[in-house]
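Student: Take this structure, written in structure tokens, and hold onto it; I'll ask about it next.
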Amino acid sequence: MTSKRIVKWGILGCGKIAHKFAEDLLTIPSAKLFAVASRNVNKARDFAAKYNIPVSYDSYEALCKDLEIDIIYIATPHPLHHQNTMMCLRNNKAVLCEKPFAMNSNQVEEMISLAKKKNIFLMEALWTYFLPHYQYVLDKIKSKELGEVKSLKADFGFASAFNPDSRIFNKDLGGGSLLDVGIYPLFAALTILGYPEEIIAKATFGKTGVDETCTMQLLYKNKVTASLFSAITLKTDTKAIIELENGTITINSRFHEPSSITIEKNGKSDTITFKINTNGYNFEAIHAQEMLSKNRIESTLMTFEKSRLLIQLLDAVRKEIGLQYS
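Okay, structure coming up:
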């Protein structure tokens, strides 16, 4: 596959995030949104009509077997990621799978193992990693211009109306704050500080058994810490504040999506705005296409090892707070 070839995408699942991804895919000249699948035929047809998609399916299996498709974006609820990814890979389809990659480390290892065995591209869709503002922050930290990182504070909380059947509150659908939004502060800690030496965490649980809030403290060498928080019943600033030896970098509100950066140094403050005309999902899609054009089975950025460490962090926090899924 060359970089000039039009990449034909399939979307598996028609939820809210699939709509955002579809909108952004339409902005990429080398991408063609070719097919979509939902178990609800009317949902698939409506989705296809909205984005001018030529083919719609009422089964995920049918989408996977479509020989025209080059890569499939998986946007189903968390507990289905492993099953859906394995099905796509078995049908020789490259996969961009929404976060969290799967429900636990064992599932992630099975997915990676099959991708390697079949020599097929697989990547976790942790879209934040590919956004210009986030890469700017990582480069700024790496330059040591502001010295070493001393601490990180990051939160992601939103107030959702209680509905026991919703994806957010239903434990059978992988509900709770940790897997849905806590993954973002954890990923920030992982990419900025690495894997911690110690994890301390506590959570508050609601009537459906999911964690409604989760407080996490990650401890590193030289007394470096990451103080993290997630919630589905409480709105927070959703910022990431990085204290360094010679200044502070703040990724302003909704740090996980296209945002601005404020750098404070020597009593002066400078805010940098990144002009993005999309939702921001196009950056990970373009990267995935670049990987396909180079016949890679693994991203050079969101590597298998990054996904392994991230799910290990999630597993460790779940163990610490006593959260178990069936």
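Under this note's numbering, the first residue of the sequence shown is numbered 1, with each subsequent residue one higher. Quick reminder that beta carbons are idealized off the backbone N, C-alpha and C, glycines included.
(1) Between the Cα of I241 and the Cα atoms of Y134, Y325, N42, which residue gives the shortest distance?
(2) With burial defined as no fewer than 16 other Cβ atoms inside 10 Å of the residue's Cβ, what is the status of A22: buried or exposed?
(3) Where do the ends of the beta strand (DSSP E) carrying T213 lie?
(4) Taking K116 as the reference, which of A316, R90, M103, Q324 has the closest Cα?
(5) Just to check my reading of the structure: E245 and K150 have Cβ atoms closer than 8 Å, yes? What is that Cβ distance to the nearest angstrom?
(6) Taking DSSP as the reference, what is the three-state secondary structure of T2?
(7) Around the Cβ of E68, are there at least 16 other Cβ atoms within 10 angstroms (buried) or fewer (exposed)?
(8) Helix, strand or coil, according to DSSP, for G13 in the structure here?
(9) At the level of alpha carbons, what is the spacing between F34 and D270?
(10) Can you give me the start and stop residues for the beta strand (DSSP E) that L33 sits inside?
(11) Return yes when the Cβ of Y136 is within less than 9 Å of the Cβ of I272, no when it is not.
(12) Are I261 and F274 closer than 9 Å when you measure CB to CB?
(13) Report the three-state DSSP secondary structure of G247 (helix, strand or coil).
(14) Is the distance from the Cβ of A94 to the Cβ of F121 below 9 Å?
(15) Does the structure place the segment 95 to 108 close enough to the segment 35 to 49 that three or more beta carbon pairs sit under 8 Å?
(16) For D155, does the count of other Cβ atoms within 10 angstroms reach 16, so buried, or fall short, so exposed?
(17) Here's the rule I'm using: 16 or more other beta-carbon atoms within 10 Å means buried, otherwise exposed. How should S3 be labelled?
(18) In this structure, does DSSP put I272 in helix, strand or coil?
(19) Keeping to the same chain, check which residues put their C-beta closer than 6 Å to that of I232; ignore five residues upstream and five downstream.
(20) Using only CA atoms, which one of M123, E197, I286 lies nearest to V317?
(21) Return helix, strand or coil for S143, following the three-state DSSP convention.
(22) Please decide whether Q107 counts as near chain B, where near means a Cβ-Cβ distance under 9 Å.
(23) Tell me, which residues are paired with C97 by DSSP?
(24) Apart from the five residues just before and just after N277, which ones in its own chain have a Cβ nearer than 8 Å to its Cβ?
(25) Can you give the beta carbon distance from A31 to L25, rounded, assuming they're within the 8 Å contact cut?
Tutor: Taking the coordinates as given:
(1) Each of Y134, Y325, N42 was checked against the Cα of I241, and the nearest Cα belongs to Y134.
(2) buried
(3) 211 to 219
(4) When only C-alpha atoms are compared, the closest one is R90.
(5) 6 Å
(6) Bear in mind that a pLDDT of 39 at T2, under 50, signals an unreliable position, so the model cannot answer this.
(7) exposed
(8) coil
(9) 43 Å
(10) First-last of the beta strand (DSSP E) with L33: 31 to 37.
(11) yes
(12) yes
(13) Collapsing the DSSP output to three states places G247 in a strand.
(14) Cβ distance < 9 Å, so A94 and F121 count as in contact.
(15) no
(16) buried
(17) Any reading at S3 needs caution, since the residue's pLDDT is 44, under 50, leaving its predicted position unreliable; the model's value is listed next. It is exposed - the Cβ of S3 has fewer than 16 other Cβ atoms within 10 Å.
(18) strand
(19) S160, I168, S177, E212
(20) Measuring C-alpha to C-alpha distances from V317 to each of M123, E197, I286 identifies E197 as the nearest.
(21) coil
(22) Among the chains of the structure shown, chain B does not appear; only one protein chain is present.
(23) I74, E124
(24) T27
(25) Taking a contact as a CB-CB distance under 8 Å, the pair A31 and L25 counts as one, their CB atoms being some 5 Å apart.
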